[in-house]
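Using UniProt numbering, the letters of the sequence shown correspond one by one to residues 1 to 311.
All C-beta atoms, glycine included, are put in the ideal place defined by N, C-alpha and C.
As the structure is a prediction and not an experimental result, all values here were calculated from the model.
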Amino acid sequence: MTSTARSPQLTATGVVRAGGPGELAGRPVSRLGYGAMQLERLDREAAVALLRRAVELGIDHVDTAQFYGNGFVNEVIGAALRPQDGVMVVSKVGAEPAPDGPVPLRLAQRPEQLRAGVEDNLKSLGLEQIPLVNLRRADHGPGLRPEGDQIVDLDDQLAVMADLRDEGKIGAIGLSSVTLDGLRRALPAGIACVQNAYSLVAREDEDLLRLCLDEGIAWVPYFPLGGAFAGLPKVADEPAVVAAAGALGVAPAQIGLAWLLHHTPNTLLIPGTAAPEHLRANVDAAAISFDDRTLATLDAVPTRSGDIELG
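Have a look at this one:
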């Protein structure tokens, strides 16, 4: 799943990269990628078909985790994507499935749990090395908070991640749900990516994004359109977004994705969907351009606070 494309503009299959070329862990990838979590809503045949459609549309960056569908999503990715597709598959550790819990996840922050998570990802994906693995912290943004033995020092976690990198089981280290101070502490370990909750209407992490830009670290926001859950603001509800969408004849969600790509050049997107038509709409969003007035209006949208507990 990791061959080299003939040109930064093209995927390994010769398709123009969705959203143009970005860089992730030293590799060119499509700036518009695919977050695979929603594949668990589909049966195997439909999930494979959606991934094949993503490749056809120029997507060569897929984000996953072993805890998506308790391994189902990884297994589908392993079955659907071929080495010649050149797709960069990124995974994460720091949580594990909890099908019977109040949320379908529980934290798995201890170093031995991080190692086990990488091993599980390798097995279910059918890979000898995962090009990039994000360490999902639990000290920032929406989500669970650690208690008891799940309160683990970042340095201890980075040590095992660096060991896994030295062993060749992962290619690069990323961080998720990390604070600004946490990223500063982690920089000497070599961080390739940060995944935090961030959107047009939720920009509390602007300073962290700017640090990533300065350090050449990819910024891969989750909840790029705000929250699909009660308590989190939604980009599509913002009046300035609705107005821009009407003027340009596109959907408000497409405005939200396009704004993120315009905001900083190190931003890569991984919106998820279970519908082929929605996948195409996400790809088309990358072609939207803004005049100076519209962009200034969108830039001026204030951050909307929200609060939710989820995995």
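Item                                                                                                                                                                     : Value
Are G58 and L268 closer than 9 Å when you measure CB to CB?                                                                                                              : no
What separation, rounded to the nearest whole angstrom, lies between the Cα atoms of A287 and V62?                                                                       : 20 Å
Expressed to the nearest angstrom, what Euclidean distance is found between the alpha-carbon atoms of A116 and P131?                                                     : 17 Å
Applying the 10 Å Cβ sphere with the 16-neighbour rule, what's the burial state of L232?                                                                                 : buried
What are the start and end residues of the beta strand (DSSP E) that includes A192?                                                                                      : 191–195
When you compare the CB positions of E96 and Q129, do they come within less than 9 Å of one another, or not?                                                             : no
Please classify D205 as buried or exposed, where buried requires at least 16 neighbouring CB atoms within 10 angstroms.                                                  : buried
Could you compute how far the alpha carbon of D291 sits from the alpha carbon of D155?                                                                                   : 45 Å
What are the boundary residues of the beta strand (DSSP E) that A95 is part of?                                                                                          : 95–97
Which partner residues of D63 appear in the DSSP bridge assignment?                                                                                                      : G35, V90
Hey, out of A243, D43, A189, G143, whose CA is closest to S177's CA?                                                                                                     : G143
With a threshold of 6 Å on Cβ separation, who are the neighbours of A244 within its own chain once the five nearest residues in sequence on each side are excluded?      : I255, T294
Within the same chain, show all residues whose beta-carbon is closer than 8 Å to that of L298, passing over the 5 residues directly before and after it, in chain order. : L200, A240, V241, A244, I255, W259, F290
Exposed or buried, which one is E45 when buried takes at least 16 other CB atoms within 10 Å?                                                                            : exposed
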